[in-house]
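J.:
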Amino acid sequence: QINEAEAVLFSVPSYACQRRTTLDNCNTTLTDALSLLAENAELSEEDGRGVAFRRAAAVLKALPVRVTAMSQLKGLPCLGDHSLRVIKDILENEASSEVESTKHSERFKALKVLTGIFGVGPRTAERWIREGIHNLHQLRESGVTLNRAQQAGLEHYDDLNQQVTKAEADAIAEIVQKAVDSVLPSAQITLAGGFRRGKQTGHDVDFLITHPEEGREVGLMPKVVSWLESQGFLLYQKVTRNSYLEVNDGPGRPSSNMDRFERCFSIFKLAKREERGTKVTENTVKTKDSVGAHMHSETDQSPPSHSHELDQHDSTNRRWRAVRVDLVVSPISQFAFALLGWTGSKLFERELRRWAGHEKAMSLSSHALYDNKQSRYLRAASEEEIFTHLGLEYIPPSERNA
Ligand code: CTP
Ligand code: MN
Ligand code: MN
Ligand code: MN
Numbered sequence: 125q126i127n128e129a130e131a132v133l134f135s136v137p138s139y140a141c142q143r144r145t146t147l148d149n150c151n152t153t154l155t156d157a158l159s160l161l162a163e164n165a166e167l168s169e170e171d172g173r174g175v176a177f178r179r180a181a182a183v184l185k186a187l188p189v190r191v192t193a194m195s196q197l198k199g200l201p202c203l204g205d206h207s208l209r210v211i212k213d214i215l216e217n218e219a220s221s222e223v224e225s226t227k228h229s230e231r232f233k234a235l236k237v238l239t240g241i242f243g244v245g246p247r248t249a250e251r252w253i254r255e256g257i258h259n260l261h262q263l264r265e266s267g268v269t270l271n272r273a274q275q276a277g278l279e280h281y282d283d284l285n286q287q288v289t290k291a292e293a294d295a296i297a298e299i300v301q302k303a304v305d306s307v308l309p310s311a312q313i314t315l316a317g318g319f320r321r322g323k324q325t326g327h328d329v330d331f332l333i334t335h336p337e338e339g340r341e342v343g344l345m346p347k348v349v350s351w352l353e354s355q356g357f358l359l360y361q362k363v364t365r366n367s368y369l370e371v372n373d374g375p376g377r378p379s380s381n382m383d384r385f386e387r388c389f390s391i392f393k394l395a396k397r398e399e400r401g402t403k404v405t406e407n408t409v410k411t412k413d414s415v416g417a418h419m420h421s422e423t424d425q426s427p428p429s430h431s432h433e434l435d436q437h438d439s440t441n442r443r444w445r446a447v448r449v450d451l452v453v454s455p456i457s458q459f460a461f462a463l464l465g466w467t468g469s470k471l472f473e474r475e476l477r478r479w480a481g482h483e484k485a486m487s488l489s490s491h492a493l494y495d496n497k498q499s500r501y502l503r504a505a506s507e508e509e510i511f512t513h514l515g516l517e518y519i520p521p522s523e524r525n526a
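What follows is the structure, encoded as structure tokens:
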């Protein structure tokens, strides 16, 4: 039992980008509770409330000990009345009534299930709920029109809601590397997102693609996607064109934090582990009935005999699974910004931009850093240089898990 006098007070800086947040979290009970309220706020399109809960959770993630008494929280930043009330409830009663009632509410459950479909955001889910659609069965029966992304999302729902493992991410990396090597040798791929932060699982796999010579990356994405498609690796893809140069916001200033790289949201068809060779090359030529990896060619005598329809509904007998993959192409001159922007966590990114704007009068995006006082862009060839420009201590990816 810790009393007030003995309570250790921690000094925690208020921006998440000033802190080192590893994956070791001593306060998972509290942070899970606050994250659930954040998620509920985000699903209800109350972003301000969502961020407040995310910031509170992030402060607790950064603490080196488990919180057992409210007195330990004195002086900590970002803990608003609402978050403190939730924490107090859990410390005193083992659970927060607000969290429990939210978790079990029909509305939250329906929002979770429906936004769990790739291509479905909170607004669409909300509309469907108003129309009486609360689950996948009701959605399938409803006859509402689904766009191409949502159709793929519904079809591969179970796979896409199952965590991607690091081994699967590595297997996808080999495939993407091979695709890039085939269409533009010496182009480089880098694993970003949660896996770069050291997570062992994720909801998708994120890659950045660049080329050491500026300009050579132009037009790369359609070629990479065509190659992947020709090899049977894609279940779904949508490429969005780079619009960074097309959008003119006046004298060289990026208008928003939305990035405008050429990117591809995709769903990969990944052969299951026992079906995968140790190398992709082996994989692609191995067998003709290895559905995830067959070659299509004019001379192929036996087209894939595997019935997709049968496979689809019997995941245990399937030889592949669907995996969400994000691909982003960046010119080398913007690569450090792209890498920093695509490594996350989402809160860490948000806090970096807030720090830049509020504390340094700078605008940070995944493309560039603009100094409003000097009215010029600050170049950077590495993430370290960007932190230096921002007057921040360098935080490595494994410590950006805010
Ligand atoms: N990102 C972005 N623009 C988007 C989507 C994502 O800049 N339209 C960035 C996010 O800010 C994040 C990174 O891409 O830094 C990865 O996003 P995401 O894959 O959603 O999250 P992860 O941290 O990788 O977590 P998970 O393991 O759940 O995929
Ligand atoms: Mn990710
Ligand atoms: Mn995510
Ligand atoms: Mn992603």
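Numbering-wise (the UniProt record's numbering), the sequence shown opens with residue 125 and increments by one.
Using N, Cα and C, we set each Cβ at its ideal position, and we do this for glycine too.
One question on the structure: do GLU475 and ALA395 come within less than 8 angstroms of each other, judged by their Cβ atoms?
T.: In the sequence shown, residue 475 corresponds to position 351, counting from 1. In the sequence shown, residue 395 corresponds to position 271, counting from 1. No, they are not a contact pair.
J.: Between the Cα of GLN142 and those of ARG179, CYS150 and LYS236, spot the shortest distance and give me the residue it belongs to.
T.: Here residue 142 refers to the residue found at position 18 of the sequence shown. Nearest of ARG179, CYS150 and LYS236 to GLN142, Cα basis: ARG179.
J.: Checking 8 angstroms against the spacing of the C-beta atoms, do ARG397 and ALA291 come in under that value?
T.: If you number the sequence shown from 1, residue 397 lands on position 273. If you number the sequence shown from 1, residue 291 lands on position 167. Cβ distance < 8 angstroms, so ARG397 and ALA291 count as in contact.
J.: Taking 5 angstroms as the limit, tell me which residues put their C-beta closer than that to any heavy atom of ligand 4, in chain order.
T.: ASP328, ASP330 and ASP450
J.: To the nearest angstrom, report how far apart GLY481 and GLN458 are at their CA atoms.
T.: Residue numbering aside, residue 481 sits at position 357 when the sequence shown is read from its first letter. Residue numbering aside, residue 458 sits at position 334 when the sequence shown is read from its first letter. Roughly 19 angstroms separates the two Cα atoms.
J.: Would you decide whether SER431 is buried or exposed? Buried here means 16 or more other CB atoms lie within 10 Å of its CB.
T.: Taking the first residue of the sequence shown as 1, we reach residue 431 at position 307. A caution first: SER431 carries a pLDDT of 46, below 50, which makes its placement in the model too unreliable to give a value.
J.: What residues in its chain sit with their C-beta under 7 angstroms from that of ALA492, if we drop five residues either side in the sequence?
T.: Counting from 1 along the sequence shown, the entry for residue 492 is found at position 368. Cβ within range, chain order: PRO378, GLN458, PHE461 and TYR501.
J.: Does DSSP put ASP424 in a helix, a strand or coil?
T.: Position 300 of the sequence shown, counted from the first residue, corresponds to residue 424. With a pLDDT of only 40 at ASP424, under 50, the local geometry of the prediction cannot be trusted, and no value is derived from it.
J.: For ILE391, which of helix, strand or coil comes out of DSSP?
T.: Counting from one through the sequence shown, the residue named residue 391 turns up at place 267. Here ILE391 sits in strand by DSSP.
J.: Where are the alpha helix (DSSP H) runs, 4 residues long or more, that stay fully inside the stretch 260 to 346, in chain order?
T.: 260 to 266, 272 to 279, 281 to 284, 290 to 307 and 317 to 320
J.: Could you check where the beta strand (DSSP E) with ARG448 kicks off and where it finishes?
T.: Counting from 1 along the sequence shown, the entry for residue 448 is found at position 324. Run containing ARG448: 444 to 453, per the beta strand (DSSP E) assignment.
J.: Do LEU471 and ALA140 have their beta-carbon atoms positioned less than 8 angstroms apart in this structure?
T.: Indexing the sequence shown from 1 puts residue 140 at position 16. Indexing the sequence shown from 1 puts residue 471 at position 347. Their beta carbons are under 8 angstroms apart, which means ALA140 touches LEU471 by this criterion.
J.: Tell me the rounded alpha-carbon separation between ARG247 and PRO309.
T.: Working through the sequence shown from its first residue, we reach residue 247 at position 123. Working through the sequence shown from its first residue, we reach residue 309 at position 185. Using only the alpha carbons, I get a separation of about 42 angstroms.
J.: Count the other CB atoms within 10 Å of the CB of HIS261; is the residue buried (16 or more) or exposed (fewer)?
T.: Stepping through the sequence shown from its first residue, residue 261 is reached at position 137. HIS261 should be labelled exposed.
J.: Taking just the CA atoms, how far does ARG445 sit from GLU279?
T.: Stepping through the sequence shown from its first residue, residue 279 is reached at position 155. Stepping through the sequence shown from its first residue, residue 445 is reached at position 321. Taking the straight line from one Cα to the other gives about 12 angstroms.
J.: From SER522 to GLY256, what does the alpha carbon distance come to, in whole angstroms?
T.: Along the sequence shown, read from residue 1 onward, the residue named residue 522 stands at position 398. Along the sequence shown, read from residue 1 onward, the residue named residue 256 stands at position 132. Rounded to whole angstroms, SER522 to GLY256 spans 43 angstroms at the Cα level.
J.: Whole angstroms are fine: how far does the CA of ALA249 sit from the CA of HIS206?
T.: In the sequence shown, residue 206 corresponds to position 82, counting from 1. In the sequence shown, residue 249 corresponds to position 125, counting from 1. For HIS206 and ALA249, the distance between alpha carbons rounds to 26 angstroms.
J.: DSSP puts GLU386 in a beta bridge; with which residues?
T.: For the purposes of this step, residue 386 is identified with residue 262 of the sequence shown, where counting begins at 1. According to DSSP, GLU386 bridges with VAL453.
J.: With distance defined between alpha-carbon atoms, name the residue in ASN271, PHE242 and ARG264 nearest to ASN285.
T.: Your numbering for residue 285 matches position 161 in the sequence shown. Of ASN271, PHE242 and ARG264, the residue nearest in Cα terms is PHE242.
J.: Apart from the five residues just before and just after VAL268, which ones in its own chain have a Cβ nearer than 8 angstroms to its Cβ?
T.: Residue 268 sits at position 144 when you count from the first residue of the sequence shown. Its chain contains TRP252, GLU255 and ILE257 as the residues whose beta carbon lies nearer than 8 angstroms to that of VAL268, once the 5 sequence neighbours on both sides are disregarded; these appear in chain order.
J.: Shortest alpha-carbon distance to ASN164 belongs to which of PHE357, THR155 and GLY174?
T.: Counting from one through the sequence shown, the residue named residue 164 turns up at place 40. If we check each option's Cα against that of ASN164, GLY174 comes out closest.
J.: At the level of alpha carbons, what is the spacing between ILE333 and GLU224?
T.: Stepping through the sequence shown from its first residue, residue 333 is reached at position 209. Stepping through the sequence shown from its first residue, residue 224 is reached at position 100. Distance between the alpha carbons of ILE333 and GLU224: 43 angstroms.
J.: When we look at the beta-carbon of THR411 and count the other beta-carbons within 10 Å, is it buried (16 or more) or exposed?
T.: Against the sequence shown, residue 411 aligns to sequence position 287. Residue confidence is low: THR411 scores 40 on pLDDT, short of 50, so the model does not pin down where it sits. No coordinate-derived value is stated.
J.: Just to check, is the beta-carbon of THR467 closer than 7 angstroms to a non-hydrogen atom of ligand 1?
T.: In the sequence shown, the residue the question calls residue 467 occupies position 343. Yes.
J.: In this structure, does DSSP put LYS362 in helix, strand or coil?
T.: By 1-based counting over the sequence shown, the position of residue 362 is 238. If DSSP states are grouped into helix, strand and coil, LYS362 belongs with the strands.
J.: For LEU493, which of helix, strand or coil comes out of DSSP?
T.: Translated into positions along the sequence shown, residue 493 becomes position 369. LEU493: strand per DSSP, three-state reduction.
J.: Using the Cα positions of GLY172 and TYR518, report the straight-line distance between them to the nearest angstrom.
T.: Position 48 of the sequence shown, counting from 1, holds the residue named residue 172. Position 394 of the sequence shown, counting from 1, holds the residue named residue 518. Roughly 28 angstroms between the two C-alpha positions.
J.: So, under 8 angstroms CB-CB, LEU315 and ALA295 are touching, yes? Tell me the CB distance rounded to an integer number of Å.
T.: Residue 315 sits at position 191 when you count from the first residue of the sequence shown. Residue 295 sits at position 171 when you count from the first residue of the sequence shown. Not confirmed; about 12 angstroms, so no contact.
J.: When you compare each of ARG320, ASN441, SER439 and ASN366 to ILE465 by their alpha carbons, which one comes out closest?
T.: Taking the first residue of the sequence shown as 1, we reach residue 465 at position 341. The question names Ile, but residue 465 in the sequence shown is Gly. Checking every option, the nearest Cα to that of GLY465 belongs to ARG320.
J.: At a threshold of 7 angstroms, does LYS362 count as lining ligand 1 (C-beta to nearest heavy atom)?
T.: Sequence index remark: in the sequence shown, residue 362 carries index 238 (1-based). The nearest non-hydrogen atom of ligand 1 is 7 angstroms or more from the C-beta of LYS362.
J.: Taking 7 angstroms as the cut-off, is the beta-carbon of GLY267 closer than that to any non-hydrogen atom of ligand 2?
T.: Numbered from its first residue, the sequence shown carries residue 267 at position 143. Outside the cutoff, so no.
J.: Which value, in whole angstroms, describes the spacing of the CA atoms of residue 76 and SER229?
T.: Since the first and last residues shown for the chain are 125 and 526, residue 76 lies out of range.
J.: State the start and end residues of the unbroken beta strand (DSSP E) segment that holds LEU488.
T.: Within the sequence shown, the letter at position 364 stands for residue 488. LEU488 -> beta strand (DSSP E) spans 486 to 488.
J.: If TRP351 and VAL307 are in contact, beta carbons under 8 angstroms, what's the gap, nearest whole angstrom?
T.: Within the sequence shown, numbered from 1, the residue matching residue 351 stands at position 227. Within the sequence shown, numbered from 1, the residue matching residue 307 stands at position 183. The Cβ separation is near 6 angstroms, so the contact holds.
J.: In its own chain, which residues sit with a C-beta less than 7 angstroms from the C-beta of THR512, not counting the 5 before and 5 after it?
T.: Within the sequence shown, residue 512 is the residue found at index 388, counting from 1. There are no such residues.
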